[in-house]
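Chains as they are written, first to last, in this note's numbering: chain A, 1 to 352; chain B, 1001 to 1352.
Each residue gets a CB set at the ideal place from its N, CA and C atoms; glycine is no exception.
Number of protein chains: 2
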Amino acid sequence: MNKDNNNEASKPKLTPVSALGEFGLIGHLTNRHVLQHPESVKGIGDDAAVLQPTVGKQTLISTDMLVEGIHFDLMYTPLKHLGYKSVVVNLSDIYAMNGIPKQITVSIALSSRFTVEALEELYDGIYTACRLYDIDLIGGDTTSSNKGLIISITAIGEADADKVVYRNTAKVGDHLFVTGDLGGAYLGLQLLEREKSLYLDNPNTKPEIAQHEYPVQRQLRPEARKDIIEILADKQIVPTAMIDVSDGLSSELLHICKQSQVGCQIYEENLPIHPKTFALSQEFKLAPTTCALNGGEDYELLFSVSPSDYRKLEGIHGIASIGKVVAAEAGTKLYVSGGKSYDLVAQGWQHL
Amino acid sequence: MNKDNNNEASKPKLTPVSALGEFGLIGHLTNRHVLQHPESVKGIGDDAAVLQPTVGKQTLISTDMLVEGIHFDLMYTPLKHLGYKSVVVNLSDIYAMNGIPKQITVSIALSSRFTVEALEELYDGIYTACRLYDIDLIGGDTTSSNKGLIISITAIGEADADKVVYRNTAKVGDHLFVTGDLGGAYLGLQLLEREKSLYLDNPNTKPEIAQHEYPVQRQLRPEARKDIIEILADKQIVPTAMIDVSDGLSSELLHICKQSQVGCQIYEENLPIHPKTFALSQEFKLAPTTCALNGGEDYELLFSVSPSDYRKLEGIHGIASIGKVVAAEAGTKLYVSGGKSYDLVAQGWQHL
């Protein structure tokens, strides 16, 4: 036992949530937040939030639920990172429609083991994401659970009606692009799970995480690709179809192809894999291509553009041309070196 | 044991949720639903739902999370009623802003003990509420939980910008009204809890619920007051303040008074209590006034109107004039027969 733990004075003060009650807790957690957008007319504090939609824009709504023990493990997930990631994964869905998220609501159910200080840490992450992505927190609900922490976030955004991008509008001949790099979040998770097992077997084990900071960060603190939406707008490109990579590239390609009634040809050599991700895949004796195709939670954007827009994207750092949209009859295929091809298979996250 | 239970052929088919997987399950549960509103451009099936806001209207957003064992007990709550109530409590928040709800998103986390058939029953209730209140189900999330069922619903509505009604705008001299009757849902819950205890003590006990259908229905299958919003519009009344009665009348009055920086005088003799609620309060030896003031989940509307609108509401069935808005210095008081008065106290639902 650490000596400091014997010193009462050095212990942080821990406040049970029951000391504040529901209304007190919401007030305590949200009183720092000032609404930034003129579209956010009324935030927390009434029966509903009130928004003023921008004339000519459509409203985008996306929602996600994260459950402790299913989507996250608090043994290796700092609460601040969890709060940040919970927001980011929802914003990613709005960007994937070519929209700009403006507001979120945050609902939380928590068991009595959580203290006010733990919730403050979670909200620190939520507010950090709100600040960096320019988001107003406009509402939510806070309640008890019998077990664990559950976070349900709804993101609200806007886009010009003629610039909303769906999954079902890819056309034969379009080029397929993916942003950033793939497989890192999946390998980061494998590493965290391995270190957890080793620690549980022997609590004196020192976690070997420092040299794998990149994939670990991809897992614990992902970013949503706001920058890409800005680049596309700047270059006056409206993708023909778009989706965010939450369940793995294969799964997302199959969504676009099925809904657009097309096929695709993807080139293995074009899949963007970070050197640190590649190195960790070797350590785990996993094929890096498999991690890139089927690992989830990268929160990159996969999109198609018409041939006339192809040149506009050449040479932009962090956007990889991975293949083409073809006729449905040609299937959904991965081409590897030597010309051999394999059917893409969805092996994304199945929580059920 | 019932004889029929020995007959394998008569047993309903039960399908584990894992047989469908997440995407299969969402498709299975939502494929019957057709979008009704022209404002609902895109529902389930993309990264986000897309709405076309009506020009001149503001958007209202409200969200609630319901947790098994905290907000509902499946021992006496039919899943169909639970689905219905989960929707209604969210719609109630939109009506409480003087708005019209148009869409909902539904996120569900569930443990492996739930079957596809159980979820179908839950969604039957959700769709019944959608049909009766003219709501489009436009999105959501379905995932696993380690324990129990969690339902998170977000309701989206619209209102003319100059007709949105807040909690903080009641004025001294305004009249206070409440719709329907109060305390029924609370007493219904007491009855269901009592019958559950008796059943657990002795499974041969016959539940005595039939003669108390009214309060039980108030608890299990409440309605939101869409009709009242229509009456107010018809009579060209915009309340000065409004809130829905989810945590008990006292608690809601205190919200309006605190946020509007006013006081109130409420008359006990004017509190609307249904005869069946009154009878059940006697059986439980509870003061009916206490049940009306502090019992929650009635989902009625509490609102204030300016003196010039007072006469327009006279004689309308189901809207009770319960008191007046006074200066903050006069406090928040309940007057009982004989002229004695008591301070109103918030004893609403505290789940934390």
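Residues of its chain near residue i, where Cβ-Cβ distance is below 7 Å and the 5 sequence neighbours each way are ignored
i       : result
B:K1226 : Y1095 and Y1133
B:Q1259 : R1167 and N1168
A:L82   : F72, L122 and G125
B:I1231 : I1316
A:H274  : D181, G184 and Y214
B:T1030 : I1044 and L1137
B:F1114 : V1017 and L1149
Other residues of its chain near residue i: CB distance less than 8 Å, five sequence neighbours each side excluded
i       : result
A:L270  : Per the sequence shown, residue 270 of chain A should be read as Asn rather than Leu. Excluding sequence neighbours, A:N270 sits near A320, S321, I322 and G323.
B:A1327 : V1172, V1262 and G1263
A:L344  : S250, L253, L254, C264, I266, L293, T332, K333 and L334
A:E329  : G263
B:G1338 : none
Contacting residues, own chain, Cβ-Cβ under 6 Å from residue i (five flanking each side not counted)
i       : result
A:E117  : L14
B:A1170 : T1240, A1241, I1256, S1260, V1262, S1304 and V1325
B:F1177 : F1303, I1319 and S1321
B:L1313 : I1319
B:G1140 : T1105, V1106 and S1107
A:H37   : K102 and D136
Residue from the options whose Cα sits closest to the Cα of residue i
i       : options                               : result
B:G1099 : B:V1178, B:Q1265, B:R1221 and B:K1163 : B:K1163
A:L35   : A:Y267, A:G69, A:T128 and A:I138      : A:I138
A:Y267  : A:T332, A:K276 and A:L220             : A:T332
B:T1205 : B:L1074, B:S1197 and B:I1026          : B:S1197
B:Y1084 : B:I1135, B:K1042 and B:S1306          : B:I1135
B:R1032 : B:A1292, B:P1053, B:E1120 and B:T1289 : B:E1120
B:Y1299 : B:P1078, B:G1069 and B:V1088          : B:V1088
B:S1112 : B:L1313, B:S1062, B:L1020 and B:L1182 : B:L1020
A:I153  : A:V238, A:K276, A:N146 and A:A129     : A:A129
B:K1235 : B:V1336, B:R1311, B:A1049 and B:G1183 : B:R1311
A:G56   : A:A161, A:P101 and A:M75              : A:A161
B:T1077 : B:L1191, B:E1039, B:P1038 and B:A1048 : B:L1191
A:D174  : A:M65, A:N202 and A:S306              : A:S306
B:N1090 : B:D1064, B:M1097, B:L1286 and B:E1039 : B:D1064
A:I156  : A:S62, A:K285, A:V165 and A:S246      : A:S62
A:M97   : A:P272, A:S281 and A:I229             : A:I229
B:D1046 : B:P1288, B:I1026, B:P1203 and B:D1309 : B:I1026
Interface flag, residue i vs chain A, CB-CB below 9 Å
i       : result
B:R1113 : no
B:M1097 : yes
B:T1332 : no
B:P1053 : yes
B:A1161 : yes
B:V1164 : yes
B:V1326 : no
B:H1033 : no
B:S1321 : no
B:S1092 : yes
B:K1080 : no
Residue-chain proximity (residue i, chain B), Cβ-Cβ < 9 Å
i      : result
A:N294 : no
A:E68  : yes
A:L60  : yes
A:P288 : no
A:D298 : no
A:V50  : yes
A:P38  : no
A:A109 : yes
A:S260 : no
A:R167 : yes
A:T77  : no
Cβ distance (whole Å) where residue i is taken to contact residue j below 8 Å
i       : j       : result
B:P1222 : B:A1279 : Wrong, their Cβ atoms sit about 20 Å apart, outside the cutoff.
A:L187  : A:C291  : 6 Å
Contact under 9 Å by Cβ, residue i with residue j
i       : j       : result
A:L254  : A:A109  : no
A:G248  : A:G180  : no
A:A159  : A:L60   : yes
B:V1041 : A:Q58   : yes
B:V1067 : B:I1150 : yes
B:E1213 : B:E1195 : no
A:L189  : A:E283  : no
B:S1434 : A:I70   : Here chain B covers residues 1001 to 1352 and nothing more, so residue 1434 of chain B does not appear.
B:A1048 : A:D93   : yes
B:L1301 : B:V1336 : no
B:T1142 : B:R1218 : no
Check: residue i C-beta below 8 Å from any heavy atom of the ligand GDP
i      : result
A:N168 : For the structure depicted, the ligand GDP is absent and the ligand set is empty, with no information on it obtainable.
(message) Along the segment 127-156 of chain A, where does the CB come closer than 8 Å to a CB of chain D? Name the residues.
(response) Going by chain labels, chain D is absent from the structure shown, which instead holds the protein chains A and B.
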